[in-house]
Each structure stands twice: as structure tokens, then as C-alpha cells.
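Numbering (my numbering), first residue to last: 18 to 215. For reference, the structure is listed below as C-alpha cells.
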């Protein structure tokens, strides 16, 4: 998801219309069904559409505890603070003009993030390792329901996610991905394939 992918700010409009919640990475958002692996495009219309309110699925609160995306970032561009801030931190000792003030956020170093993407041609390590991208097993539905109502378990559930080996792992044979069975004729962000892939 890009910050501007259409006529309006993508993540802000997705949050305000109930498609998901903000994430630790300021350049991503979490959808209750698909996690952070979600592509969005917004357009302006004069069609009479039913408005949808923002949601509270507990994902934003979970991001306060979890630092999995920050740990996976090869550029260390995502902060590991456990509380978001209204204040935009300085960038290389200078005022950060890459972000718009007025929101309480974990402020990602967007310059390092974008420079890293340019060097690699792409990245997305933060989105690929997000806890909310896990599969469609029944246990994940229970975990998501628990997150939305009982934040006291967030730390435990984050540790469980790491213990079960979801997301990117150091030393993992990434080339093996090309030989794994994938869905035919479609895309599913939770492919259900073996080996921790999404």
C-alpha cells in the first residue's frame, strides 16, 4: 500500500472507512482479514454509497507491543518504541518534512525506507513478516477475536507468533519459495502452503 495511491491519502481513507487500522509502519495498514498484505486504490465518486465507520479490531493496540516489522526492516527505518507519539522525530538532525503532523503515530524513517527500496528494487519485509498475515486456520480467528477485546494477552500472542515461526526468518532458504506449491489462477495472501510462506 502506498501513502498516495489514488485521489486521497490511501491509509488515512482506509482507516476512516473501516477497511482496517493503522500499523507500526506508517506506510502500511492492517486489514482484519488480509493483514498488511493489502493493495488499495481510492477514487472519488458521486454515487450514493452507504458510509462505513472506522473499526477497532485491536490491531493498532497490538502494534504497540509487537516490533516484528521493525525487527525485520533491513534499514531499521521502523521504530521499536512501545508508545506512538504526536511529535515527529528529527531526521538526520533536521526537521522531518517527509511526514504530515497531526496524528499519533510510530514515525517511520521514510527516507531510509524509500532509499532501501530503490537499492533493492523493492522490499516489503515489514509487510511480509506482519503477525496479521497468518493463515485461515480456526486458531487465528480466535487469536484475532482475543486481540480485539483483551489486549492484556498481546505480548504473549506476539511471542507465540515468533515461536511458531511465522514471517521472515534469518537464515531461511529464500530460493526454496520458487519450488513451493502456489494457488493456481489466483492470489491468496494466506496461501496455506507449508514452510511459513504466505
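A virtual CB, placed ideally from N, CA and C, is assigned to each residue, including glycine. If you're wondering where the values come from, they're calculated on a predicted model, not measured in any experiment.
May I have the straight-line CA-CA distance separating residue i from residue j, to the nearest angstrom?
i: residue 112; j: residue 179; result: 36 Å
i: residue 83; j: residue 175; result: 6 Å
i: residue 25; j: residue 137; result: 28 Å
i: residue 73; j: residue 181; result: 26 Å
i: residue 208; j: residue 149; result: Below a pLDDT of 50, predicted positions are generally treated as unreliable, and residue 208, at 45, falls in that range; the measurement from the model is reported next regardless. Cα to Cα, residue 208 sits roughly 14 Å from residue 149.
If we call anything under 8 Å between Cβ atoms a contact, is residue i one with residue j?
i: residue 75; j: residue 164; result: yes
i: residue 51; j: residue 32; result: no
i: residue 157; j: residue 151; result: yes
i: residue 147; j: residue 94; result: no
i: residue 123; j: residue 41; result: yes
i: residue 140; j: residue 134; result: yes
Could you pull out every residue in the same chain whose Cβ sits closer than 7 Å to the Cβ of residue i, ignoring the five residues on either side in sequence?
i: residue 128; result: 108 and 115
i: residue 30; result: 59
i: residue 168; result: 75 and 78
i: residue 48; result: 36, 37 and 55
On a CA-only basis, which of the options is nearest residue i? Give me that one, please.
i: residue 110; options: 70, 28 and 126; result: 126
i: residue 96; options: 177, 71 and 44; result: 44
i: residue 145; options: 41, 37, 53 and 28; result: 53
i: residue 92; options: 154, 132 and 160; result: 132
Please list, in chain order, all residues of the same chain as residue i whose beta carbon is under 6 Å from its beta carbon, the five residues on each side excluded.
i: residue 121; result: 101 and 103
i: residue 28; result: 46
Count the C-beta pairs between the stretch 83–97 and the stretch 58–68 that are closer than 8 Å, then say yes if the count reaches three, no if not. no
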